[in-house]
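Structure first, commentary second.
Number of protein chains: 2
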Amino acid sequence: MRISAIKGSSFLVFFLFFVFIGRTQNQQKITYYPSNQFTMVGKIMDTQQPFHRIDTLKYTTLSSQVKTRMTRSAGLAISFKTNSNAIYAKWCTTSKSTSAGMTPIAYRGLDLYAKVDGKWQFVGVGRPSDGKNCSEDKIVANLSGVEQEYLLYLPVYSETTSLEIGVSENALIVAGEQPFKKRIVVYGSSIVQGAGASRSGMSYPARMSRNTGFHFFNLGMSGVARMEEEVATMISEIDADMFILDCIPNSSPREVTQRTQNLIKTIRKRHKEVPIVLMQGVVREIGYFDQITGEKVKKQNTNAYDEFMKLHNSGMKNIYFIFSDDFLGDDHEGTVDGTHPNDLGFDRMIKSITPQLLPIIQK
Amino acid sequence: MRISAIKGSSFLVFFLFFVFIGRTQNQQKITYYPSNQFTMVGKIMDTQQPFHRIDTLKYTTLSSQVKTRMTRSAGLAISFKTNSNAIYAKWCTTSKSTSAGMTPIAYRGLDLYAKVDGKWQFVGVGRPSDGKNCSEDKIVANLSGVEQEYLLYLPVYSETTSLEIGVSENALIVAGEQPFKKRIVVYGSSIVQGAGASRSGMSYPARMSRNTGFHFFNLGMSGVARMEEEVATMISEIDADMFILDCIPNSSPREVTQRTQNLIKTIRKRHKEVPIVLMQGVVREIGYFDQITGEKVKKQNTNAYDEFMKLHNSGMKNIYFIFSDDFLGDDHEGTVDGTHPNDLGFDRMIKSITPQLLPIIQK
Chain A
1 MRISAIKGSS FLVFFLFFVF IGRTQNQQKI TYYPSNQFTM VGKIMDTQQP FHRIDTLKYT
61 TLSSQVKTRM TRSAGLAISF KTNSNAIYAK WCTTSKSTSA GMTPIAYRGL DLYAKVDGKW
121 QFVGVGRPSD GKNCSEDKIV ANLSGVEQEY LLYLPVYSET TSLEIGVSEN ALIVAGEQPF
181 KKRIVVYGSS IVQGAGASRS GMSYPARMSR NTGFHFFNLG MSGVARMEEE VATMISEIDA
241 DMFILDCIPN SSPREVTQRT QNLIKTIRKR HKEVPIVLMQ GVVREIGYFD QITGEKVKKQ
301 NTNAYDEFMK LHNSGMKNIY FIFSDDFLGD DHEGTVDGTH PNDLGFDRMI KSITPQLLPI
361 IQK
Chain B
1 MRISAIKGSS FLVFFLFFVF IGRTQNQQKI TYYPSNQFTM VGKIMDTQQP FHRIDTLKYT
61 TLSSQVKTRM TRSAGLAISF KTNSNAIYAK WCTTSKSTSA GMTPIAYRGL DLYAKVDGKW
121 QFVGVGRPSD GKNCSEDKIV ANLSGVEQEY LLYLPVYSET TSLEIGVSEN ALIVAGEQPF
181 KKRIVVYGSS IVQGAGASRS GMSYPARMSR NTGFHFFNLG MSGVARMEEE VATMISEIDA
241 DMFILDCIPN SSPREVTQRT QNLIKTIRKR HKEVPIVLMQ GVVREIGYFD QITGEKVKKQ
301 NTNAYDEFMK LHNSGMKNIY FIFSDDFLGD DHEGTVDGTH PNDLGFDRMI KSITPQLLPI
361 IQK
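Heads up: the protein sequence lines correspond to chains A and B, in order. The first sequence lines up with residues 1 to 363 when you count with full-length UniProt numbering. The second sequence lines up with residues 1 to 363 when you count with full-length UniProt numbering.
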């Protein structure tokens with residue numbers, strides 16, 4: 001009898017606790033602010049549409065495929081400070097679904113970080129609605145109410161058409177600072193754009209920015225990073241301290257041979273001194289079984305090295321080459337689908353390339 | 001002129017090469033075989049529906065939520081051998097979409113491994129159709145044609161209703177062997193079931209089976225691993241060499257206190273000697289910011305330890321406890337959404353628990 005009495009009273013306490021929590025949350029009013037009141041991070045250049053990466057109205061000769069990719073918000077983030085005890089978001093994207101190898105959170109959701117003891121730490125995500133263009137989500141609640149710096153990453157694979165950040169009615173929210181130094185432009189395939197990362201902040205340029213403090217700008221264009229003349233010209237016009245070219249996976253071995261030198265020379269024409277780094281494409285795990293794919297990837301990477309060495313032997317300075325052999329480790333578990341790294345593969349790739357890149361950046 | 005002549009002729013060779021490849025692939029006829037002709041791996045018990053994990057017709061008192069989870073094919077795989085130079089699949093699932101934090105490939109797609117030099121190596125995936133229940137996909141092509149052993153993992157989050165494996169018309173395909181030893185049942189939450197893993201073969205019980213050769217059976221039930229009396233009874237009736245209980249995340253701190261001892265005692269009643277391992281729940285990254293969640297997870301884990309110690313102090317043998325402190329590493333990047341590990345988090349968790357479990361299994 002005594003045990004059951006205790007059970008009863010603790011049940012009452014438990015019940016009241018949840019009623020109380022429930023009321024507090026329901027009573028909390030959220031005020032939304034358009035994201036353009038805060039600091040936009042990751043913009044490669046000014047654009048008329050705030051969440052595009054490249055001004056597709058200026059670069060009219062880019063192919064329609066490239067233009068489409070440049071409307072997607074990969075690498076963009078909003079920097080703000082608030083003392084709110086909750087952070088919400090309302091946002092719209094042109095996509096309603098995802099691709100087979102990506103989470104909806106990465107494809108068309110949001111990813112929030114806060115600065116803790118000088119480091120960016122993951123906080124929570126904005127989950128997109130299923131099958132709808134517009135979403136509203138609580139990213140985090142029950143915060144301490146102390147002012148903190150935040151960085152909210154936009155979707156990597158969808159065009160973002162609007163974004164509002166919501167905080168508690170009486171909270172202060174102001175623009176944050178630009179969090180990263182220098183301008184390092186990473187041109188490449190879906191792997192740069194963020195395919196396979198579980199959230200937008202896990203794309204490798206985003207992770208490397210947080211890890212190093214240097215800004216790796218996302219110029220990933222899934223499937224179409226083919227080093228065309230018009231793209232080479234556009235890239236050469238970007239203001240940058242360094243260029244990383246991770247575009248080998250999207251070009252045929254023949255295109256690699258035909259176009260690599262031209263891309264590097266076009267950049268070098270306008271940027272006499274900046275380091276240019278050419279990376280081999282990540283090994284496609286499926287290529288260990290699919291003999292045609294395996295052979296193609298080998299040729300792409302060999303051809304990239306050959307073209308690089310021609311430039312090197314011709315005396316071009318400040319160019320660097322990164323081999324991809326150890327990008328994915330040795331257990332064959334580093335991809336989502338045999339092509340695109342998962343977060344584990346990206347982690348290994350970052351551990352491989354960061355110590356090769358830092359001395360060049362800090363030179 | 002000479003260069004352009006060379007270009008012309010190599011273009012012709014290139015063109016003919018692709019025409020040839022194209023024809024070979026188009027001409028290749030695929031023959032499909034129902035998966036029940038091969039070896040089913042990962043079955044916890046016999047069921048009337050081949051791709052269910054628990055016989056929900058036998059265990060009528062399980063809640064409808066638990067029953068639903070038990071119809072999902074997490075941990076099931078098909079073992080076969082073939083010399084085909086291509087592997088296709090046709091399959092149907094009850095779901096047409098995915099959840100915010102999962103790839104469609106993990107949620108309702110397929111994941112193929114082959115045995116290479118005695119180790120299971122990832123080959124490729126079956127990508128589900130967007131918005132349809134039934135899918136057909138080429139998992140891998142251009143194989144060498146040498147006979148190999150394969151393991152095809154089924155979706156972790158959807159109920160699979162049919163599966164056929166397709167190989168080249170003249171290829172041989174036969175049932176494979178049971179690839180793993182012993183029966184280690186892992187009862188737990190969505191994290192056991194595979195939420196956050198990028199493909200079904202990346203769920204942690206599946207990875208640990210391939211890594212160790214011991215069979216970790218997936219009894220993950222997303223959101224509802226609450227140690228109810230009926231579930232405890234059902235678990236205790238499973239034929240097993242070891243039980244791992246990773247169910248703390250789905251129970252309130254109070255439920256952890258009320259139910260943990262009963263679950264372990266119920267299993268011990270029928271399994272006098274088998275090791276029973278209780279694991280703390282993975283730290284929820286969002287709990288570093290959301291103070292209520294942070295507090296709740298701490299209490300769940302402290303309460304689990306307290307209940308375990310009561311049993312230990314009462315003299316119960318062959319019970320073990322695993323602390324979760326280092327499951328996700330220290331960079332806070334190991335989850336998809338603040339709760340569910342991504343492939344990086346799972347990798348760290350596996351590295352933490354495997355050396356704790358192996359000595360118990362091999363005892």
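Quick reminder that beta carbons are idealized off the backbone N, C-alpha and C, glycines included.
Can you give the Cα-Cα distance for I238/A and K265/A, rounded to whole angstroms?
15 Å
Beta-carbon neighbours of D347/B, restricted to chain A and to distances below 7 Å:
L344
Using a threshold of 8 Å, state whether the C-beta atoms of Q37/B and A175/B are closer than that.
yes
For chain A, find out if any of its Cβ atoms is closer than 8 Å to the Cβ of F15/B; answer yes or no.
For F15/B, the predicted model reports a pLDDT of 42, less than 50, meaning its position is unreliable; a value from the coordinates is still stated below. False, the Cβ-Cβ gap to chain A never drops below 8 Å.
Rounded to whole angstroms, what is the Cα-Cα separation between M208/B and L357/B?
10 Å
Quick check: the Cα distance between V283/A and K96/B, rounded to an integer number of angstroms?
31 Å
Report the rounded CA-to-CA distance for V125/B versus I139/B, giving the unit in angstroms.
5 Å
With a threshold of 8 Å, are at least 3 pairs of Cβ atoms found where one atom belongs to the segment 106 to 113 of chain A and the other to the segment 180 to 193 of chain A?
no
Find out if the Cβ-Cβ distance for the pair A100/A, P128/B is shorter than 8 Å.
yes
Beta carbon proximity, G338/B to chain A, threshold 8 Å:
yes
Can you have a look at P253/B and say buried or exposed, based on whether 16 or more other CB atoms are within 10 angstroms of its CB?
buried
So, with DSSP's three-state summary, where would you put Y33/A?
strand
Kindly indicate which residue of K296/B, Q148/B, E164/B has the alpha-carbon position closest to the one of N250/B.
K296/B
Taking the beta strand (DSSP E) that V167/B belongs to, which residues open and close that run?
160 to 168
Starting from the C-beta of M234/A, find all residues in its chain whose C-beta is less than 6 Å away, skip the five residues before and the five after it, and write them out in chain order.
Y59
I292/B burial status per 10 Å Cβ neighbour count (16 or more: buried):
exposed
Pick from A141/B, F51/B, K119/B that is closest to Q28/B, judged by C-alpha positions:
A141/B
From I30/B, F122/B, E333/B, L172/B, residue whose alpha carbon lies closest to that of F346/A
E333/B
Nearest residue (CA-CA) to I276/B, options Q258/B, I322/B, G294/B, G287/B:
I322/B
In chain A, which residues lie with their C-beta within 9 Å of the C-beta of Q261/B?
Those do not exist, as Q261/B stays about 14 Å from chain A at its closest Cβ, beyond 9 Å.
With a 10 Å radius around its C-beta and 16 neighbouring C-beta atoms as the bar for buried, classify T247/A as buried or exposed.
Looking at the sequence itself, residue 247/A is Cys, so the reference to Thr does not match. With 16 or more other Cβ atoms within 10 Å, it is buried.
Between the segment 205 to 224 of chain A and chain B, which residues of the former have a C-beta closer than 8 Å to a C-beta of the latter?
R207
Could you tell me whether the Cβ atoms of L143/B and S84/B are closer together than 8 Å?
yes
So what does residue 364/A bridge to, in DSSP terms?
In the structure displayed, chain A extends from 1 to 363; residue 364/A sits before or after that span and is not available.
Under 8 Å between beta-carbons, which chain A residues line up against D290/B? List them in chain order, please.
G124, V140, A141, N142, L143
In angstroms with no decimal places, state the Cα-to-Cα distance between T302/B and L278/B.
12 Å
Assign P359/A to one of two classes, buried (16 or more other C-beta atoms within 10 Å of its C-beta) or exposed (fewer than that).
exposed
Taking the beta carbon of E230/A as the centre, do at least 16 other beta carbons fall within 10 Å, making it buried, or is it exposed?
exposed
Per DSSP, which one or two residues make a beta bridge with T82/A?
Q148/A, I173/A
Please confirm whether R199/A has its beta-carbon closer than 8 Å to some beta-carbon of chain B.
yes
Consider the Cβ of Q121/B: report whether some Cβ of chain A lies at a distance smaller than 8 Å.
yes
Residue range of the beta strand (DSSP E) that L311/B falls in?
Run containing L311/B: none in the beta strand (DSSP E); it sits in the alpha helix (DSSP H), 291 to 313.
DSSP on A100/B, reduced to helix/strand/coil?
coil
Which residues in the same chain as Q48/A place their Cβ atom closer than 8 Å to its Cβ, once the five residues preceding and following it in sequence are excluded?
D55, L57
Integer-rounded CB distance, given that A74/A should sit under 8 Å from N218/A
4 Å
T161/B vs T94/B beta-carbon contact at 8 Å
yes
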